[in-house]
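Colleague: For the sequence shown, numbering that gives the first Met the number 0 assigns the number 0 to the initial residue and increments by one for each residue that follows.
Structure provided below as structure tokens; questions to follow.
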Amino acid sequence: MPVSRLSPADQAAVIAITGPWDELRANTDGTAADVLHINGTWVLRQARQDAAAFDRETALLTRLAARLPPALAALLPVPKVSGPGWHLCRHLPGVPSSRQSLAALSPQARGRFFNGFSTLLAGVHTSPEGDYAAATPHSPDQWAAVRAEAEARLFPLLSPALAADLRAALAEIGASPLAMNGPALIHDDLHPAHILHDPATGALTGLLDFGRSGRGDAAVDLAGLLYNWGQATLRALDYPGLADLLPRARRLARTYELQWALEGLRHNDPRWFLYALGAAKDF
Numbered sequence: 000m001p002v003s004r005l006s007p008a009d010q011a012a013v014i015a016i017t018g019p020w021d022e023l024r025a026n027t028d029g030t031a032a033d034v035l036h037i038n039g040t041w042v043l044r045q046a047r048q049d050a051a052a053f054d055r056e057t058a059l060l061t062r063l064a065a066r067l068p069p070a071l072a073a074l075l076p077v078p079k080v081s082g083p084g085w086h087l088c089r090h091l092p093g094v095p096s097s098r099q100s101l102a103a104l105s106p107q108a109r110g111r112f113f114n115g116f117s118t119l120l121a122g123v124h125t126s127p128e129g130d131y132a133a134a135t136p137h138s139p140d141q142w143a144a145v146r147a148e149a150e151a152r153l154f155p156l157l158s159p160a161l162a163a164d165l166r167a168a169l170a171e172i173g174a175s176p177l178a179m180n181g182p183a184l185i186h187d188d189l190h191p192a193h194i195l196h197d198p199a200t201g202a203l204t205g206l207l208d209f210g211r212s213g214r215g216d217a218a219v220d221l222a223g224l225l226y227n228w229g230q231a232t233l234r235a236l237d238y239p240g241l242a243d244l245l246p247r248a249r250r251l252a253r254t255y256e257l258q259w260a261l262e263g264l265r266h267n268d269p270r271w272f273l274y275a276l277g278a279a280k281d282f
């Protein structure tokens, strides 16, 4: 049975907006929050562990929505009401924008999707600076720690040839690191499940999960798209400076499977080993 962990006072505040909870559906697949869909119209997100990080996401979404044109802000899960470790936002309809679902669209619908997504991504990346914290760091020290852990825990499990390929990928990213505290506000988790569209019209309907967002290198977002969509699909984006960002995006995308494998080993969680399923991997 779906449950809310809200206090009685917080739950009353939510019900004042949603009305009686006649239909509830739980989604516990995420790694950061448990999600409760209410009456098919509202979404209650509750932090699973790191309430402080969740509250930073709530604050970031609120600030970002205020800085975007209303038509773009409407595509974000902007909190309607919130409290420590939780927020309520409107349900955003649509299906995940996987490589397969985009390929199934008509040429006109695909054009509509990429026009809408290009506009939103550029809007996020050029959101006025000021009070956004840095996103996940990509410092030389971070990559040195990744290399050390891979040598100790991962590479002994691999063939010598594969281990050599992954060492080369880590050497590339270490020699030409990403901007740690770049000028762009980045999403930092552009998985197809977080990008929603209308399968009938191709219209972009939502961009979800800003839990990792902050200032950083725009190539980080393009790396996620490159890994999941492939180069041919990514080039359909009308994004300024795409060609200049692609080399850094490629270097980062080559390290994704290694990073996920380390997470799976670190936490003994097989879900991390499955993230690569269905991705284009066309760098």
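Don't be surprised by glycine CBs; every beta carbon is placed ideally from N, CA and C.
Between the C-alpha atoms of A144 and F116, what's the straight-line distance to the nearest angstrom?
Modeller: The residue you call residue 144 lines up with position 145 of the sequence shown. The residue you call residue 116 lines up with position 117 of the sequence shown. Whole-angstrom Cα-Cα distance: 35 Å.
Colleague: Within a Cβ cutoff of 7 Å, which residues of the same chain sit near R152, ignoring the five residues on either side of it in sequence?
Modeller: Here the question's residue 152 lines up with position 153 in the sequence shown. Cβ within range, chain order: L261, L264.
Colleague: Which of helix, strand or coil does DSSP assign to P198?
Modeller: Indexing the sequence shown from 1 puts residue 198 at position 199. In this structure, P198 counts as coil in the three-state DSSP scheme.
Colleague: How is R62 classed by DSSP in three states: helix, strand or coil?
Modeller: For this step, residue 62 is matched to residue 63 along the sequence shown. In this structure, R62 counts as helix in the three-state DSSP scheme.
Colleague: At the level of alpha carbons, what is the spacing between G93 and T204?
Modeller: Position 94 of the sequence shown, counted from the start, is the residue given in the question as residue 93. Position 205 of the sequence shown, counted from the start, is the residue given in the question as residue 204. Spanning the two alpha carbons is a distance of roughly 6 Å.
Colleague: Quick check on the DSSP output: what are the complete beta strand (DSSP E) runs of length 3 or more inside the stretch 15-59, in order along the chain?
Modeller: 23-26, 32-37, 41-46, all fully within the stretch 15-59.
Colleague: For V94, does the three-state DSSP call read helix, strand or coil?
Modeller: If you number the sequence shown from 1, residue 94 lands on position 95. In this structure, V94 counts as strand in the three-state DSSP scheme.
Colleague: What residues in its chain sit with their C-beta under 6 Å from that of A46, if we drop five residues either side in the sequence?
Modeller: For the purposes of this step, residue 46 is taken as residue 47 along the sequence shown, with counting starting at 1. Within the same chain, A46 has close Cβ partners A32, F53, G84.
Colleague: Measure the CB-CB distance between L245 and L273 and report whether it falls below 9 Å.
Modeller: Position 246 of the sequence shown, counted from the start, is the residue given in the question as residue 245. Position 274 of the sequence shown, counted from the start, is the residue given in the question as residue 273. No; because the gap between Cβ atoms is not below 9 Å, this pair is not in contact.
Colleague: Use the C-beta contact count for G18: other C-beta atoms within 10 angstroms, 16 or more gives buried, fewer gives exposed.
Modeller: Locating residue 18 in the sequence shown gives position 19, counting from the first residue. Exposed, because fewer than 16 other Cβ atoms sit within 10 Å of the Cβ of G18.
Colleague: Cα separation between E171 and G201?
Modeller: Position 172 of the sequence shown, counting from 1, holds the residue named residue 171. Position 202 of the sequence shown, counting from 1, holds the residue named residue 201. Distance between the alpha carbons of E171 and G201 is about 37 Å.
Colleague: Unbroken alpha helix (DSSP H) runs of length 4 or more, entirely within the stretch 79-146: which are they?
Modeller: Runs found: 98-102, 106-124.
Colleague: Please report how far the alpha carbon of A121 lies from the alpha carbon of L233, in whole angstroms.
Modeller: Within the sequence shown, numbered from 1, the residue matching residue 121 stands at position 122. Within the sequence shown, numbered from 1, the residue matching residue 233 stands at position 234. If I take the Cα positions, the gap works out to 14 Å.
Colleague: For L203, name the three-state secondary structure that DSSP assigns.
Modeller: Here residue 203 refers to the residue found at position 204 of the sequence shown. If DSSP states are grouped into helix, strand and coil, L203 belongs with the strands.
Colleague: Out of P95, W271, L119, R4, state which residue places its alpha-carbon closest to the alpha-carbon of L195.
Modeller: Taking the sequence shown and counting its residues from 1, the one referred to as residue 195 is at position 196. Looking at the Cα atoms, P95 is the closest of the given residues.
Colleague: Leaving out five residues on either side along the sequence, give the residues of the same chain with a beta carbon under 6 Å from the beta carbon of D216.
Modeller: Against the sequence shown, residue 216 aligns to sequence position 217. Around D216: L177, A178, G181.
Colleague: Determine whether the beta carbon atoms of R111 and L101 lie at a separation below 9 Å.
Modeller: For the purposes of this step, residue 111 is taken as the residue at position 112 of the sequence shown. For the purposes of this step, residue 101 is taken as the residue at position 102 of the sequence shown. No. Outside cutoff.
Colleague: Spatial neighbours of A55 within its chain, please: C-beta separation below 7 Å, excluding the five flanking residues on both sides.
Modeller: Taking the sequence shown and counting its residues from 1, one reaches residue 55 at position 56. Correcting the residue type first, residue 55 is Arg in the shown sequence and not Ala. Contacts found: A132.
Colleague: Can you list, in chain order, the residues of its chain whose CB lies under 8 Å from that of S105, leaving out five sequence neighbours each side?
Modeller: Along the sequence shown, read from residue 1 onward, the residue named residue 105 stands at position 106. Result list for S105: G201, in chain order.
Colleague: Report the option in R247, A275, L91, L206 whose CA atom is closest to the CA atom of Q258.
Modeller: Looking up residue 258 in the sequence shown gives position 259. The option with the nearest alpha carbon to Q258 is A275.
Colleague: Exposed or buried, which one is H124 when buried takes at least 16 other CB atoms within 10 Å?
Modeller: Position 125 of the sequence shown holds residue 124. Per the 10 Å Cβ criterion, buried.
Colleague: Whose C-beta lies closer than 7 Å to the C-beta of Y238 among residues of the same chain, with five residues either side of it excluded?
Modeller: Position 239 of the sequence shown holds residue 238. Here the set comprises S117, L120, A121.
Colleague: For the candidate residues P269, A163, A12, R253, whose alpha-carbon lies nearest to that of A278?
Modeller: Residue numbering aside, residue 278 sits at position 279 when the sequence shown is read from its first letter. Ranking P269, A163, A12, R253 by Cα distance to A278 puts R253 first.
Colleague: On the DSSP letters alone, give me the boundaries of the beta strand (DSSP E) that L184 sits inside.
Modeller: Translated into positions along the sequence shown, residue 184 becomes position 185. That run of the beta strand (DSSP E) goes 183-185.
Colleague: Output the distance between the C-alpha atoms of P191 and K79, rounded to the nearest integer angstrom.
Modeller: Translated into the one-based positions of the sequence shown, residue 191 becomes position 192. Translated into the one-based positions of the sequence shown, residue 79 becomes position 80. Going by the C-alpha atoms only, they are around 25 Å apart.
Colleague: Helix, strand or coil for R214? Go by DSSP, reduced to three states.
Modeller: Numbered from its first residue, the sequence shown carries residue 214 at position 215. Three-state DSSP puts R214 in a strand.
Colleague: Please state whether DSSP places R253 in a helix, a strand or coil.
Modeller: Taking the sequence shown and counting its residues from 1, one reaches residue 253 at position 254. Coil.
Colleague: Do you know offhand how far S6's Cα is from A73's?
Modeller: Within the sequence shown, residue 6 is the residue found at index 7, counting from 1. Within the sequence shown, residue 73 is the residue found at index 74, counting from 1. Their backbone Cα atoms lie some 29 Å apart in a straight line.
Colleague: With a threshold of 16 other CB atoms inside 10 Å of the CB of D140, please say whether the residue is buried or exposed.
Modeller: The residue you call residue 140 lines up with position 141 of the sequence shown. Label assigned to D140: exposed.
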